[in-house]
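Report on the structure given below.
Residue numbers (our numbering): 671 to 1091.
What follows is the structure, given as structure tokens:
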């Protein structure tokens, strides 16, 4: 049984438990959905579906951040947040936030989205629109209308959408033989950004946890996500529209939180000195720049923090290591060597500076004797640590140094101590 099957089994058990604890309401004459939830029934040539939307003023605060804080951020930060240079600079008003509520929480074949919430900036407000299936036969018109609207945007933002929301929507579009704009739009999954920057600080990286810790959002009248499929199927059977209110609220809050979290991640890149509290925060920012081959920007951030922030020695070493590797990428050999020398003289022992300096003397300076001395010193330090710690955590470095020592010995024997080739 793979992990998806296990999730479906847990989901099935949980739903049966909830159904047994909550007796279904007695069938009563139902009120139209739009009378209770607001909104309207949208008609199209292929059928109808329920649609509602709500406007939020730009100064509306979701947690600690007003919605218009996002519009104040440079769009050039989007590729950094997404860790994807192909996104480029996009008008922030052409971003579409997407969240789905589905028939199952584990995805898989047959899962469909019965409620799709989208958020976007529209003139002087932020709109949250919700597309809802009153009945299962409304999926085709709902998807068709949603796809038409999506064509107006250039970037989709989701939370875990790459693994869940987008595959669900894509599979349902294929089922109905509808061309989906999702295959053409850039996609930014905020879950990955939150993990990169806050996984060491948050209890977990769920949307609910991220919004609480990073935005200080407090929800009232919400419903647990695992209950939502049950509430929808109960609605289909008993038409209890009131029971759907928390589901619509849950979906709306998810959309608003994504706008806030995008703002929060952009702040990290806009002002890293203020937003980064620990060395792993700095490294997360720097490594994004490195992944985009922007090594100068990564170096600038590391240098700023070394100059302006008091870090423990072990943390400082991590930053110095990254600086050394970035100088190598830029072929700043002299600066790289200076960093490795600094690591050797001011930090607790680690084999990396010895290995990197040995490479420098061997390949850049052709000074095989100096390189061999560094290798031998590194090996001696490892031998001492192995005797004290009784573990093999240094074995990888030891193997590297031993191999390097053999090669350098051969070169010295071949070319002599003057090392002239």
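By construction, the Cβ of each residue, glycine as well, lies at the ideal position given by its N, Cα and C atoms.
Note that the structure is predicted; figures quoted are calculated from it, not measured.
Reduced DSSP secondary structure (H/G/I, E/B, other) of residue i
i, result
"residue 799", "strand"
"residue 679", "Because the pLDDT at residue 679 is just 47, under 50, the model does not fix this residue reliably, and the value given afterwards should be weighed accordingly. Correct three-state label for residue 679: helix."
"residue 932", "helix"
"residue 731", "strand"
"residue 782", "coil"
"residue 858", "strand"
"residue 1078", "helix"
"residue 1069", "helix"
"residue 951", "helix"
"residue 792", "strand"
"residue 832", "coil"
"residue 1048", "helix"
"residue 1062", "coil"
"residue 994", "helix"
"residue 974", "helix"
"residue 957", "helix"
"residue 847", "coil"
"residue 776", "coil"
"residue 866", "helix"
"residue 987", "helix"
"residue 819", "helix"
"residue 967", "helix"
"residue 942", "helix"
"residue 981", "coil"
"residue 842", "helix"
Rounded straight-line distance, which links the Cα of residue j to that of residue i
i, j, result
"residue 991", "residue 1003", "14 Å"
"residue 822", "residue 1069", "57 Å"
"residue 711", "residue 717", "10 Å"
"residue 946", "residue 968", "14 Å"
"residue 843", "residue 1022", "51 Å"
"residue 893", "residue 1064", "50 Å"
"residue 918", "residue 801", "10 Å"
"residue 697", "residue 904", "In this predicted model, residue 697 has a pLDDT of only 39, less than 50, meaning its place in the structure is not dependable enough to derive any value."
"residue 723", "residue 740", "21 Å"
"residue 735", "residue 773", "32 Å"
"residue 769", "residue 783", "10 Å"
"residue 830", "residue 955", "21 Å"
"residue 809", "residue 847", "12 Å"
"residue 933", "residue 912", "33 Å"
"residue 936", "residue 748", "7 Å"
"residue 1073", "residue 930", "52 Å"
"residue 1030", "residue 1036", "8 Å"
"residue 775", "residue 899", "8 Å"
"residue 700", "residue 910", "Bear in mind that a pLDDT of 47 at residue 700, under 50, signals an unreliable position, so the number given afterwards is only what the model happens to contain. Each residue's Cα considered, the two are about 7 Å apart."
"residue 779", "residue 836", "13 Å"
"residue 840", "residue 973", "44 Å"
"residue 1059", "residue 1067", "15 Å"
"residue 732", "residue 1056", "54 Å"
"residue 726", "residue 742", "17 Å"
"residue 1025", "residue 1045", "7 Å"
"residue 715", "residue 754", "39 Å"
"residue 744", "residue 1051", "49 Å"
"residue 916", "residue 889", "11 Å"
"residue 875", "residue 864", "7 Å"
"residue 1086", "residue 1049", "23 Å"
"residue 849", "residue 838", "14 Å"
"residue 702", "residue 906", "13 Å"
"residue 675", "residue 882", "At residue 675, the pLDDT of 47 sits below 50, so the modelled position is not reliable; the number obtained from the coordinates is stated separately. Roughly 31 Å between the two C-alpha positions."
Bridge partners - residue i, DSSP secondary structure assignment
i, result
"residue 720", "711, 802"
"residue 769", "787"
"residue 825", "765, 856"
"residue 725", "797"
Supposed contact pair residue j and residue i - C-beta distance, whole angstroms, cut 8 Å
i, j, result
"residue 851", "residue 820", "4 Å"
"residue 989", "residue 976", "6 Å"
"residue 826", "residue 926", "Wrong, their Cβ atoms sit about 16 Å apart, outside the cutoff."
"residue 760", "residue 790", "Contact doesn't hold; Cβ gap of about 13 Å is too wide."
"residue 1133", "residue 860", "Any answer about residue 1133 is impossible in this case: the structure gives the chain only from 671 up to 1091."
"residue 885", "residue 868", "With a Cβ gap of about 12 Å, residue 885 and residue 868 do not count as contacting."
"residue 824", "residue 858", "That belief does not hold up - the Cβ atoms of residue 824 and residue 858 are roughly 11 Å apart, past 8 Å."
"residue 1093", "residue 914", "This structure cannot settle anything about residue 1093, because the visible part of the chain is limited to 671 through 1091."
"residue 719", "residue 812", "4 Å"
"residue 634", "residue 1006", "Any property of residue 634 remains undetermined from this structure, which presents the chain solely from 671 to 1091."
"residue 921", "residue 771", "5 Å"
"residue 1042", "residue 1084", "Actually they are not in contact, since the Cβ atoms of residue 1042 and residue 1084 sit about 13 Å apart, beyond 8 Å."
"residue 721", "residue 709", "6 Å"
"residue 986", "residue 1038", "Rounded, the Cβ-Cβ distance is 31 Å, inconsistent with contact."
>> List, from N- to C-terminal side, the alpha helix (DSSP H) runs of 4 residues or more that fit wholly inside the region 873 to 935.
In response: Here the runs fully enclosed are 877 to 880, 898 to 908.
>> My parser needs the alpha helix (DSSP H) runs of 4 or more residues fully inside the region 997 to 1036; what are they?
In response: At a cut-off of 4 residues, the continuous stretches assigned as alpha helix (DSSP H) that sit fully inside the region 997 to 1036 are 1003 to 1016, 1021 to 1029.
>> Could you tell me which whole alpha helix (DSSP H) segments of length 4 or greater appear in the region 736 to 761?
In response: Within the region 736 to 761, the runs of alpha helix (DSSP H) at least 4 residues long that lie entirely inside it are, in chain order, 748 to 752.
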